[in-house]
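Trainee: Taken in order, these protein sequences are the chains called A and B.
Residue numbering for the first sequence follows the numbering used here, starting at 1063 and increasing by one per position.
Residue numbering for the second sequence follows the numbering used here, starting at 311 and increasing by one per position.
I have a structure I would like to understand better, so I am pasting it below and will then ask my questions one at a time.
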Amino acid sequence: MSLKKASELTEGGIITEAGNASEYKTGDWRTFVPEFVVENCIQCLFCWIYCPDSAIAVDLSGEKPEVTGIILEHCKGCGICAAECPPVKKGKAALVMVREAK
Amino acid sequence: MAVNLKKLVRKEDLLSGGHRACAGCTGANILRQVMLVAGRDTIVGGATGCMEVVTTVYPYTAWKVPYIHTAFENVAATISGVETGFRALKKFGDLPVEREKMNFIAIGGDGGTYDIGLQSLSGAMERGHNMVYICYDNEAYMNTGIQRSSATPFGAHTSTAPAGKVKQGKEQNRKNLTAIMVAHEIPYVAQTTPFHWRDLATKVEKALAVDGPAFLNVLMPCTIGWHFDPAIGMQICKEAVENNFWPLFEVENGKYKINYKPSEKKPKTQLADWMKQQGRFKHLFKPGNEELLVKCQEYVDQEWEKLLKLEVMTAEPESVKTV
Chain A
1063 MSLKKASELT
1073 EGGIITEAGN
1083 ASEYKTGDWR
1093 TFVPEFVVEN
1103 CIQCLFCWIY
1113 CPDSAIAVDL
1123 SGEKPEVTGI
1133 ILEHCKGCGI
1143 CAAECPPVKK
1153 GKAALVMVRE
1163 AK
Chain B
311 MAVNLKKLVR
321 KEDLLSGGHR
331 ACAGCTGANI
341 LRQVMLVAGR
351 DTIVGGATGC
361 MEVVTTVYPY
371 TAWKVPYIHT
381 AFENVAATIS
391 GVETGFRALK
401 KFGDLPVERE
411 KMNFIAIGGD
421 GGTYDIGLQS
431 LSGAMERGHN
441 MVYICYDNEA
451 YMNTGIQRSS
461 ATPFGAHTST
471 APAGKVKQGK
481 EQNRKNLTAI
491 MVAHEIPYVA
501 QTTPFHWRDL
511 ATKVEKALAV
521 DGPAFLNVLM
531 PCTIGWHFDP
541 AIGMQICKEA
551 VENNFWPLFE
561 VENGKYKINY
571 KPSEKKPKTQ
581 LADWMKQQGR
591 FKHLFKPGNE
601 ELLVKCQEYV
611 DQEWEKLLKL
621 EVMTAEPESV
631 KTV
């Protein structure tokens, strides 16, 4: 987003594009990244409800909602999803934090 | 009104990603969960504080609903005005789009609610506006650099009540704001945390449904101010409930109901173990400070006992168990 001139600003500084913060990529903040192992996922959706950054992608087209991965543009790598992911399948969690390659 | 994640996930996420909250901020998660239940027909007001700063950094906004930023002290007054405006427009048939009902939500941190915004909150609750006030309680002024607030618990280290050679953190107990709100005799008051998503969603639903003002006090562990690993924020919420530091309860028309009672014989978490995970209580585990830890435990026990008594006292006569 380019900066606007004073004459182009809205009255009262109103932001008219709802939810335009999604253009801002907070993914660069990350040191660790959650790795999604689909085989271990039981589709409990805990990662989705607990994510502070709306960064869990869920496919809603089917009959049952399915977690499909991480939205890396916004994921800040806090690790809440991995901490809350229940290790049910063979004691393995579907989300594991790994150091991101630079 | 059973809430489940399979249904909740189909609702619209009204807080976009890309807001500038810290990694692992449980506050941003509270907003997301509240908005999932509230839906699009909502007007939100935000008092100055973490959640206002991070979601609306000009020229960006993370909100997909109308949002008003107000000063620290007057979010309750602003939203009560918006609500009155809506009622007036409806009465005279001047609404641009015909609507039966709209949700009015005011959001403030503990600084903007417990301290600075208390008078406007009290006024709005007394006038009986049809609005919900949500306080995200991170127990200090986190946005400006972790200064103590009246929500800070006894013994916690903050930048204005630091732990050092002479003093050991805050010397006063926290203010019981939920009780102050109950004293306003409003239809609905509740306490919850974002870990208990089912509880939170049910309480938001109830708060929006009542005719009149409602107040929710939501615990928000702050990774920066409380000094813990960002990944365990939700676990901190869970354990805070298990050791009675932050009981889950609701007060409907003056009747108390505790939503979670930990087992007395086998408590899942001890208060001291919970405090040990947080850097703000680190000094309490140094030799010589055992007394302060006992004092923390005593306060939590005392408040819990009080709550149990209140539940019995305000219960319907037939549901009281005779001993």
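C-beta: ideal position from N, C-alpha, C; glycine also.
1. Name the chain E residues that come within less than 8 angstroms of T1088 of chain A, Cβ to Cβ?
2. For a quick check, are the C-beta atoms of N448 of chain B and C532 of chain B less than 8 angstroms apart?
3. If you check the beta carbons only, do P643 of chain B and I1077 of chain A fall under 8 angstroms apart?
4. Below 8 angstroms on the Cβ atoms is my contact criterion, and I expect R541 of chain B with A1163 of chain A to pass it. Report the Cβ-Cβ distance as a whole number of Å.
5. Of the choices B:T388, B:R397 and B:E481, whose alpha-carbon is the least far from that of Y443 of chain B?
6. Within 8 angstroms (strictly less), CB to CB, does R320 of chain B reach chain A?
7. Which chain A residues are close to G598 of chain B, counting only those with a beta carbon under 7 angstroms from its beta carbon?
8. Measure how close the beta-carbons of E408 of chain B and H494 of chain B come, nearest whole angstrom, since I'm counting them as under 8 angstroms.
9. Do A550 of chain B and T503 of chain B come within 8 angstroms of each other at the CB atom, strictly closer than that value?
10. Would you please verify whether the beta carbon of K1138 of chain A is less than 8 angstroms from any beta carbon of chain B?
11. When you compare each of B:L620, B:V514 and B:W536 to R342 of chain B by their alpha carbons, which one comes out closest?
12. Applying the criterion that 16 or more other CB atoms from any shown protein chain within 10 Å of the CB defines a buried residue, is P1096 of chain A buried or exposed?
13. Along the region 496-521 of chain B, where does the CB come closer than 7 angstroms to a CB of chain A? Name the residues.
14. If we count Cβ pairs, one from each stretch, closer than 8 angstroms, do we get three or more for the region 1133-1144 of chain A versus the region 344-359 of chain B?
15. So the candidates are B:E481, B:G455, B:K316 and B:Q482; which of them puts its Cα closest to the Cα of S469 of chain B?
16. Rank B:E481, B:D323, B:A519 and B:I496 by C-alpha distance to the C-alpha of F414 of chain B and give the top, closest one.
17. Can you find a C-beta in chain B that's less than 8 angstroms from the C-beta of E1070 of chain A?
18. Listing by chain order, which chain A residues have their CB less than 8 angstroms from the CB of G334 of chain B?
19. Which residue or residues does DSSP assign as beta-bridge partners of N527 of chain B?
20. Please list, in chain order, the chain A residues whose beta carbon lies closer than 8 angstroms to that of P369 of chain B.
21. Could you confirm whether any beta carbon from chain B is found closer than 8 angstroms to the beta carbon of L1134 of chain A?
Mentor: According to the structure data:
1. The structure shown contains no chain E; the protein chains it does contain are A and B.
2. yes
3. One cannot answer for residue 643 of chain B here, as it falls past the ends of chain B, which runs 311 to 633.
4. As written in the sequence, residue 541 of chain B is Ala, which differs from the Arg given in the question. About 20 angstroms; that fails the 8 angstroms criterion.
5. B:T388
6. yes
7. Correct list: empty, because the minimum Cβ distance to chain A is about 34 angstroms.
8. Not really, about 33 angstroms apart at Cβ, beyond 8 angstroms.
9. yes
10. yes
11. B:V514
12. buried
13. W507
14. no
15. B:G455
16. B:A519
17. no
18. P1114, K1138, C1140, G1141 and I1142
19. B:C445 and B:Q501
20. M1063, K1066, I1077 and N1082
21. no
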